[in-house]
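Participant: Under the working numbering, the first residue of the sequence shown is numbered 12, with each subsequent residue one higher. Yeah, the Cβ is synthetic: ideal placement off N, Cα and C, and Gly gets one too. None of these values were measured; they are calculated from a predicted model.
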Amino acid sequence: MKPMFTRESFTSYEAYMLKHLSSLLEIPSMYDEATISEENPFGKGIGDALSHMLQLGEVEGFETKNVNGYAGHIEWGEGEELLGILGHVDVVPPGEGWTNDPFRAIIQDGKMYARGAQDDKGPIMAAFMAMKWLRDLGVKPNKRVRFIFGTDEERNWDCMKHYFDKEEMPSFGFTPDATFPVIHAEKGLIDLQISKPLSNENGEAVLKHFSGGERLNMVAQTASATVMWDDVNVPLLIEEYNYNEPCPISVCKEKDAWTITVTGKTAHAMEPDNGENAILSLLSILRNIPFAEPVRETLYWLHESLADSRGNGLDVACKDDLSGPLTLNVGTTSMENDLLTIGLNIRYPVTAAFHEWYGVFDQHVKANGFTSHVLEHLEPIYLAKEDPLVQKLLHVYHKHTGDETGPLAIGGATYARALKKGVAYGALFTHSTHTAHQADEHMDLEDLFQAVIIYAELLYDLITD
């Protein structure tokens, strides 16, 4: 007889789940070049988080494997078919603006606060709890279930590349790293840099330093510039911009140089408009300072071309009904030896031809003296709404929520792309507040418990069919 997967039947697992989720959240599992080793290719914090999940799986009686520190898995069941669940234990840097320590798990008003609560530690713990629940019930899988934990999702996905060079590709699967009801399409994604040498000769002011942002997949939260300029009215200029710009601006003087700092609001790059980009705000100030004319022209072009998050400034705006508009995020900027570099994250619609819009982009960049360098390109993925896997996931979601929303497309890049056949499935709901990559990231606990129930019934259906 099929078990009843209800909120009431899960109650006895709540304390266990919160205990182990809190422990996982309190591991600062960010990429850390200073602690990279053969055992921890992305740093000790990430290695500790991977070990935490593998040890938890081992204690619960699952088979486990650490694949050279790049990834690992817990496995359950027997059979030729392999069902994959993919999640990641790495997180983005916390940034500024947190109410509490981002690596201290705090429950307040029914929400769990910590970096990674939504992306992706809360969701992977929900999927793990579903596996544990079924095993405790004595369910006998007719196929193997493998929960794969990645460690470099927030950067370059080197974890998945290494893992699947060594390990079997699942027959099908899902990742709990997005939104219910089911994500059947994901936009294309490209990370790139554009660079241009700047000449400060013959300018009334000199741009000595310009930096900002932490990651291409995050809206830049801070940016600063150092300007040599003997104009005593700089504070008045900044005060004027403070009235017009959404980001707070500060200025201080040391000897003959002014340092201008802008503080914005970070957000996930898949929707830049959810944040306030500090780099763009700083560009709007710098372009009006009397640098050498080539520098002013470059700063002006950058602001005019990049300020619109839909790519209108570069004539690359496009959209489709399936996945929505192209989005453009200015993630980082740096200036070394008078070479200015801007880091961009662009996500384009499923049906858009990459070579067409990128050709237009590259023409604009080159015409203004920049060179471009593609760091990573992930093509769009798409699984038809009518596909049996999509329909099965939808059915379980509809049963437990009563929400008849159909399959969705997103601008995010999930591990579904790493699978031969896969989709993203939860753990956020259509009503959830999206706080991934933001200060005070949190996950509603009732949503998380509901996700466990949905995952448990889905897994039961998939491994007993």
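So, for Met180: in the same chain, excluding its five sequence neighbours on each side, which residues have a beta-carbon less than 6 Å away from its beta-carbon?
Facilitator: As a working note, residue 180 is residue 169 in the sequence shown. Closer than 6 Å at the Cβ level, and outside the excluded window around Met180, lie Lys431.
Participant: Decide if Ala364 is buried, meaning its Cβ has at least 16 other Cβ atoms within 10 Å, or exposed.
Facilitator: Locating residue 364 in the sequence shown gives position 353, counting from the first residue. Ala364 should be labelled exposed.
Participant: Going by DSSP, which residues form a beta bridge with Glu287?
Facilitator: Here residue 287 refers to the residue found at position 276 when the sequence shown is read from its first residue. Lys276, per the DSSP bridge assignment.
Participant: Label Arg126 either buried or exposed according to how many other C-beta atoms from any shown protein chain fall within 10 Å of its C-beta, with 16 as the threshold for buried.
Facilitator: Locating residue 126 in the sequence shown gives position 115, where the first residue counts as 1. By the neighbour-count rule (16 or more Cβ atoms within 10 Å), Arg126 is buried.
Participant: Starting from Lys377 and walking both ways along the alpha helix (DSSP H), at which residues does that stretch end?
Facilitator: Within the sequence shown, numbered from 1, the residue matching residue 377 stands at position 366. Phe365 to Ala378 is the span of the alpha helix (DSSP H), which, as asked, contains Lys377.
Participant: Take every Cβ of the segment 190-205, pair it with every Cβ of the segment 406-418, and state whether three or more of those distances are shorter than 8 Å.
Facilitator: Cβ pair count under 8 Å is three or more, so yes.
Participant: Let me check understanding here. Comparing Cα to Cα, which of Lys219, Leu473, Leu456 and Ser33 lies closest to Lys122?
Facilitator: Here residue 122 refers to the residue found at position 111 of the sequence shown. If we check each option's Cα against that of Lys122, Leu456 comes out closest.
Participant: Taking DSSP as the reference, what is the three-state secondary structure of Asn211?
Facilitator: For the purposes of this step, residue 211 is taken as residue 200 along the sequence shown, with counting starting at 1. Note: Asn211 maps to coil in three-state DSSP.
Participant: In the DSSP output, which residue or residues are listed as bridge partners for Trp87?
Facilitator: Looking up residue 87 in the sequence shown gives position 76. Val156.
Participant: Cα-Cα, which of Gly214, Glu37, Asn167 and Ile464 is closest to Leu404?
Facilitator: Here residue 404 corresponds to residue number 393 of the sequence shown, with the count starting at 1. Checked all of Gly214, Glu37, Asn167 and Ile464; the closest Cα to Leu404 is Ile464.
Participant: Should Val407 be flagged as near chain C, meaning a C-beta pair shorter than 8 Å?
Facilitator: The structure shown has no chain C; it contains just one protein chain.
Participant: Any idea if Ser210 is buried or exposed, counting beta-carbon neighbours within 10 angstroms, 16 or more meaning buried?
Facilitator: In the sequence shown, residue 210 corresponds to position 199, counting from 1. Looking at its Cβ environment, which holds fewer than 16 other Cβ atoms inside 10 Å, Ser210 is exposed.
Participant: If I measure Cβ to Cβ from Pro52 and keep anything under 7 Å in the same chain, skipping five residues before and after, which residues do I get?
Facilitator: Translated into the one-based positions of the sequence shown, residue 52 becomes position 41. Answer for Pro52: Gly80 and Tyr81, listed in chain order.
Participant: Tell me which residues share the same chain as Lys76 and place their Cβ nearer than 7 Å to its Cβ, disregarding the 5 neighbours each side in the sequence.
Facilitator: Taking the first residue of the sequence shown as 1, we reach residue 76 at position 65. The residues are Gly83 and His84.
Participant: Output the distance between the C-alpha atoms of Ala462 and His442, rounded to the nearest integer angstrom.
Facilitator: Looking up residue 462 in the sequence shown gives position 451. Looking up residue 442 in the sequence shown gives position 431. Whole-angstrom Cα-Cα distance: 13 Å.
Participant: Express the C-alpha separation of Glu197 and Ile392 in angstroms, rounding to a whole number.
Facilitator: Taking the first residue of the sequence shown as 1, we reach residue 392 at position 381. Taking the first residue of the sequence shown as 1, we reach residue 197 at position 186. Distance between the alpha carbons of Ile392 and Glu197: 5 Å.
Participant: Less than 8 Å between the C-beta atoms of Thr488 and His448, yes or no?
Facilitator: Because the chain spans 12 through 476 in this model, residue 488 falls outside it and cannot be assessed.
Participant: Beta-carbon separation of Ala128 and Leu29 under 8 Å?
Facilitator: Taking the sequence shown and counting its residues from 1, one reaches residue 128 at position 117. Taking the sequence shown and counting its residues from 1, one reaches residue 29 at position 18. No.
Participant: Over the uninterrupted beta strand (DSSP E) stretch that includes His445, give me the two end residues.
Facilitator: In the sequence shown, residue 445 corresponds to position 434, counting from 1. Unbroken run through His445: none, as it is neither H nor E.
Participant: So, helix, strand or coil for Val245, using DSSP?
Facilitator: On the sequence shown, position 234 is the one that residue 245 refers to. Helix at Val245.
Participant: Just checking, does the segment 154-173 make contact with the segment 93-106 on the three C-beta pairs under 8 Å criterion?
Facilitator: Contact holds: three or more Cβ-Cβ distances are below 8 Å.
Participant: Am I right that Phe381 and Leu325 are in contact with their C-beta atoms under 8 Å? What's the rounded C-beta distance?
Facilitator: Translated into the one-based positions of the sequence shown, residue 381 becomes position 370. Translated into the one-based positions of the sequence shown, residue 325 becomes position 314. Contact flag wrong, Cβ pair sits at about 11 Å.
Participant: Looking only at its chain, what residues have a beta carbon closer than 6 Å to the beta carbon of Pro105, apart from the 5 residues adjacent to it on each side?
Facilitator: Along the sequence shown, one-based indexing puts residue 105 at 94. If we look at Pro105 and ignore the five residues flanking it on each side, its Cβ neighbours are Pro113 and Arg126.
Participant: Looking at C-beta atoms only, is the number of pairs between the segment 329-337 and the segment 238-250 that lie closer than 8 Å three or more?
Facilitator: No: fewer than three Cβ pairs fall under 8 Å.
Participant: Using only CA atoms, which one of Met12, Leu148, Ile135 and Ile118 lies nearest to Phe21?
Facilitator: Your numbering for residue 21 matches position 10 in the sequence shown. Residue Leu148 is the option with its Cα nearest to Phe21.
Participant: Count the C-beta pairs between the segment 342-362 and the segment 221-241 that are closer than 8 Å, then say yes if the count reaches three, no if not.
Facilitator: The segment 342-362 vs the segment 221-241: in contact.
Participant: Within 10 Å of its beta-carbon, does Tyr27 have 16 or more other beta-carbons around it, so buried, or fewer, so exposed?
Facilitator: As a working mapping, residue 27 is identified with position 16 in the sequence shown. When all chains shown are included, Tyr27 counts as exposed.
Participant: Closer than 8 Å by C-beta to His195: which residues in its own chain qualify, once you throw out the five before and the five after it? Chain order, please.
Facilitator: Here residue 195 corresponds to residue number 184 of the sequence shown, with the count starting at 1. For His195, where only same-chain residues beyond five positions count, the Cβ hits under 8 Å are Tyr393, Leu394, Ala395, Lys396, Asp398, Val401, Pro418, Leu419, Ala420 and Val434.
Participant: For Val70, does the count of other Cβ atoms within 10 angstroms reach 16, so buried, or fall short, so exposed?
Facilitator: Translated into the one-based positions of the sequence shown, residue 70 becomes position 59. Result: exposed.
Participant: Going by DSSP, what residue range makes up the alpha helix (DSSP H) through Ile353?
Facilitator: Sequence index remark: in the sequence shown, residue 353 carries index 342 (1-based). It is not in any alpha helix (DSSP H) - Ile353 instead sits in the beta strand (DSSP E) that spans Leu350 to Tyr359.
Participant: According to DSSP, which residues form a beta bridge with Glu387?
Facilitator: Position 376 of the sequence shown, counted from the start, is the residue given in the question as residue 387. DSSP lists Asp202 as partners of Glu387.
Participant: Just list the residues that DSSP pairs Asn340 with in beta bridges.
Facilitator: The residue labelled residue 340 in the question sits at position 329 within the sequence shown. Note: Asn340 sits in a beta bridge opposite Asn356.
Participant: Between Ile135, Gly88 and Leu293, which lies nearest to Val262 when the distance is taken from Cα to Cα?
Facilitator: As a working mapping, residue 262 is identified with position 251 in the sequence shown. Among Ile135, Gly88 and Leu293, the Cα nearest to that of Val262 is on Leu293.
Participant: Assign Pro134 to one of two classes, buried (16 or more other C-beta atoms within 10 Å of its C-beta) or exposed (fewer than that).
Facilitator: Translated into the one-based positions of the sequence shown, residue 134 becomes position 123. Classification of Pro134: buried, given that the 10 Å Cβ count is 16 or more.
Participant: Kindly indicate the opening and closing residues of the alpha helix (DSSP H) around Glu315.
Facilitator: One-based indexing of the sequence shown puts residue 315 at position 304. First-last of the alpha helix (DSSP H) with Glu315: Glu304 to Leu317.
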